[in-house]
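4 is the number of the first residue of the sequence shown in the working numbering; add one for each residue after it.
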Amino acid sequence: MADRILITGGAGFVGLHLARRLLRDGADVTLLDDLSRGRADRDLDEVRAEARLVRHDLTTPLPVDLLAGDFDEVYHLAAVVGVRQNNENPSRALNVNLRAVLNLLDWCRRRPPGRVYLSSTSEVADGATRLGLAPFPVPEDVPFVLPEPTLPRASYGLSKIVAETLLRQCADLFPVRIGRYHNIYGPRMGHDHVIPHFVARALVRQDPFPIYGATQTRAFCHIDDAVDATVGLTRLPGVEPVVANIGNDTEEIVIRELAERVCRLAGYTPTFEVFDPPPGSPDRRLPDLGRLRRTIGYAPRVDLLRGLRQTFDWYAADQAAAPPATTGERA
4 MADRILITGG
14 AGFVGLHLAR
24 RLLRDGADVT
34 LLDDLSRGRA
44 DRDLDEVRAE
54 ARLVRHDLTT
64 PLPVDLLAGD
74 FDEVYHLAAV
84 VGVRQNNENP
94 SRALNVNLRA
104 VLNLLDWCRR
114 RPPGRVYLSS
124 TSEVADGATR
134 LGLAPFPVPE
144 DVPFVLPEPT
154 LPRASYGLSK
164 IVAETLLRQC
174 ADLFPVRIGR
184 YHNIYGPRMG
194 HDHVIPHFVA
204 RALVRQDPFP
214 IYGATQTRAF
224 CHIDDAVDAT
234 VGLTRLPGVE
244 PVVANIGNDT
254 EEIVIRELAE
264 RVCRLAGYTP
274 TFEVFDPPPG
284 SPDRRLPDLG
294 RLRRTIGYAP
304 RVDLLRGLRQ
314 TFDWYAADQA
324 AAPPATTGER
334 A
C-alpha cells in the first residue's frame, strides 16, 4: 500500500519539487495550499494529474473533515518567505507562519501522523555567527540569537525559531524531523531571491548591473539535492527528534562571482554597480553537513555550474519571468 503523504505549501517551490519526487516513488500525495504564493501554472497542473490539491489557508484551523484518513508523513513547508515581504509587512510573516504551525500541530495532535517534517532556515543560526558564537561551517547546535530584533527581516527567523521549538515539544506524539535549508535554488523558485534576481537582470541585459553585498559569500544548494536530503531526513529511523542542515558545503561563492557567472550564461559583460547588503544580511553562510552525511549518507550531486544553467534556462523560457529587481535581494 502506498504511503499517504501531506505537503503543506505543496504548490510552492520546494513543495512541488518534493511532490514530484514522492509521486515518482509511488506515494499517495496530497498538497495543501491557499495559492497565495504557490503558482497555479503548468507545473502544478502536471502534478495535480497524480496528486490531490486541497485549498486551505492555514492561518485558520483545519476542519475535521478536510483531510480524510491517516497520513504516514507530513511535510510542513507553508510559510511567508522573502526579504521583500518581511520588510514590507513583518507582522504578517510572524502572524502567518506562527498561526500555520500552530494550526497544523493542533490537527496532528488530533490525528498523529507517522512522522512530521518542518522546513526551517539557515537564518535561525545567522545571529550566532554574526556575534561570533558559532564557527564556520555552521553546525546545528548553535544558540538562537536575534542580534537586531527590530529589523523587519528578523520576523522570518524568529517565526522559524518558534516553529522549531513548538515542533520539538510534540516529539512524544510523533517523530519530528527539522531541516534547515541553506540557500536552496532552482527552477520555479519565484522572484524574491538573489539567483532569480540576477537571472532577471541578465535576461534583459541590464547595464549597469546592481549587486547588493558583492563581497558576501554563500553556498547554494540545488533543489534536487535539497529534496533528496528532505526525504532522507524525514525517513530516518528512530523516534528522537532530529535537526539537520540541508545545503551544499562544497561550493562557497562570492556574490559578485555569482553575478559574473549568470551574466556569462546570458552572453554579456556588464558594468557592476555595487551597493551595501540589505540590513541584517550575513556576510557568510556555509552549513556543516556532517550530521546529514553521517545519518543518511548525503552528498550534493548537482554542481553550481549545471544548476545555474538549468535555472537560467527555465527562467528564460518562463513567460512569467519578473523584471529586474531594483532593491536589495535576499541571499
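Quick reminder that beta carbons are idealized off the backbone N, C-alpha and C, glycines included.
What is the rounded straight-line gap between the Cα of residue 187 and the Cα of residue 225? The count along the sequence shown starts at 1 and reaches residue 187 at position 184. The count along the sequence shown starts at 1 and reaches residue 225 at position 222. Looking at the two C-alpha atoms, the distance is approximately 6 angstroms.
Which partner residues does residue 213 have in the DSSP bridge list? Sequence index remark: in the sequence shown, residue 213 carries index 210 (1-based). Residue 213 is bridged to 276.
Please return the same chain residues whose Cβ sits closer than 7 angstroms to the Cβ of residue 340, not counting the five positions on each side in sequence. Residue numbering for the chain in the displayed model covers 4 to 334; residue 340 lies beyond these limits and cannot be assessed.
Give the single residue among 39, 168, 283, 17 whose Cα lies nearest to the Cα of residue 58. Walking along the sequence shown from the start, residue 58 turns up at place 55. Residue 39 is the option with its Cα nearest to residue 58.
Where does residue 18 fall in DSSP's three states? By 1-based counting over the sequence shown, the position of residue 18 is 15. Helix at residue 18.
By how many angstroms is the C-alpha of residue 82 removed from the C-alpha of residue 101? Against the sequence shown, residue 101 aligns to sequence position 98. Against the sequence shown, residue 82 aligns to sequence position 79. Approximately 9 angstroms between the Cα atoms of the pair.
Per-residue DSSP class, three states only, for residue 90: Stepping through the sequence shown from its first residue, residue 90 is reached at position 87. It is helical.
Starting from residue 33 and walking both ways along the beta strand (DSSP E), at which residues does that stretch end? One-based indexing of the sequence shown puts residue 33 at position 30. Start and end: 31-36.
Buried/exposed call for residue 139, threshold 16 Cβ in 10 Å: One-based indexing of the sequence shown puts residue 139 at position 136. Label assigned to residue 139: exposed.
So what does DSSP say about residue 199, is it helix, strand or coil? On the sequence shown, position 196 is the one that residue 199 refers to. Looking at residue 199 - three-state DSSP - the assignment turns out to be helix.
For residue 12 and residue 128, what's the separation of their Cα atoms in angstroms? Position 9 of the sequence shown, counted from the start, is the residue given in the question as residue 12. Position 125 of the sequence shown, counted from the start, is the residue given in the question as residue 128. The alpha-carbon separation between residue 12 and residue 128 amounts to approximately 23 angstroms.
Compute the distance between the beta-carbons of residue 136 and residue 148, then report whether it is under 8 angstroms. Along the sequence shown, one-based indexing puts residue 136 at 133. Along the sequence shown, one-based indexing puts residue 148 at 145. Going by C-beta atoms, residue 136 is nearer than 8 angstroms to residue 148.
Just to confirm my understanding: we take residue 198, look at its own chain, exclude 5 residues before and 5 after, and list those with CB closer than 8 angstroms. What are they? For the purposes of this step, residue 198 is identified with residue 195 of the sequence shown, where counting begins at 1. Here the set comprises 188, 192, 223, 261, 265, 311, 314.
Which parts of the stretch 87-133 are runs of the alpha helix (DSSP H), unbroken and 4 residues or longer, counting only runs that do not cross its ends? Inside the stretch 87-133, DSSP marks whole alpha helix (DSSP H) runs of 4 or more residues at positions 93-113, 126-133, from first to last along the chain.
Using CA coordinates, which residue listed in 161, 235, 117 is at the minimum distance from residue 72? Your numbering for residue 72 matches position 69 in the sequence shown. It is 117 whose Cα lies nearest to the Cα of residue 72.
Close-in-space but distant-in-sequence residues of the same chain around residue 20 (CB under 6 angstroms, 5 per side omitted): To locate residue 20, count along the sequence shown from 1; it is residue 17. So the qualifying residues of the chain are 226, 230.
DSSP state of residue 23 mapped onto helix, strand, coil: For the purposes of this step, residue 23 is identified with residue 20 of the sequence shown, where counting begins at 1. Here residue 23 sits in helix by DSSP.
Report yes if the CB atom of residue 145 is closer than 8 angstroms to the CB atom of residue 131, and no otherwise. The residue you call residue 145 lines up with position 142 of the sequence shown. The residue you call residue 131 lines up with position 128 of the sequence shown. In contact: residue 145 and residue 131 (Cβ atoms closer than 8 angstroms).
Run of the alpha helix (DSSP H) containing residue 314, from where it starts to where it stops: The residue you call residue 314 lines up with position 311 of the sequence shown. 307-320 is the span of the alpha helix (DSSP H), which, as asked, contains residue 314.
Runs of 3 residues minimum, wholly inside the stretch 50-94: which ones carry the beta strand (DSSP E) assignment? For the stretch 50-94, whole beta strand (DSSP E) runs of length 3 or above, ordered along the chain, are 55-58, 76-79.
Could you pull the start and end residues of the alpha helix (DSSP H) that residue 233 belongs to? Indexing the sequence shown from 1 puts residue 233 at position 230. 226-237 is the extent of the alpha helix (DSSP H) around residue 233.
Going straight from the alpha carbon of residue 241 to that of residue 185, what length do you get? By 1-based counting over the sequence shown, the position of residue 241 is 238. By 1-based counting over the sequence shown, the position of residue 185 is 182. Going by the C-alpha atoms only, they are around 25 angstroms apart.
Give the single residue among 239, 177, 124, 285 whose Cα lies nearest to the Cα of residue 250. The sequence position of residue 250 within the sequence shown is 247, counting from 1. The shortest Cα separation from residue 250 among 239, 177, 124, 285 belongs to 124.
So, using beta-carbon positions, are residue 31 and residue 7 closer together than 8 angstroms? Counting from one through the sequence shown, the residue named residue 31 turns up at place 28. Counting from one through the sequence shown, the residue named residue 7 turns up at place 4. Yes, the pair counts as a contact, with Cβ atoms nearer than the cut-off.
Simplified DSSP assignment, three categories, for residue 2: What is shown of the chain runs 4 to 334, which leaves residue 2 out entirely.
Have a look at 173, 167, 232, 92 and flag the residue whose alpha-carbon is nearest the alpha-carbon of residue 112. Translated into the one-based positions of the sequence shown, residue 112 becomes position 109. Closest option to residue 112, Cα to Cα, is 173.
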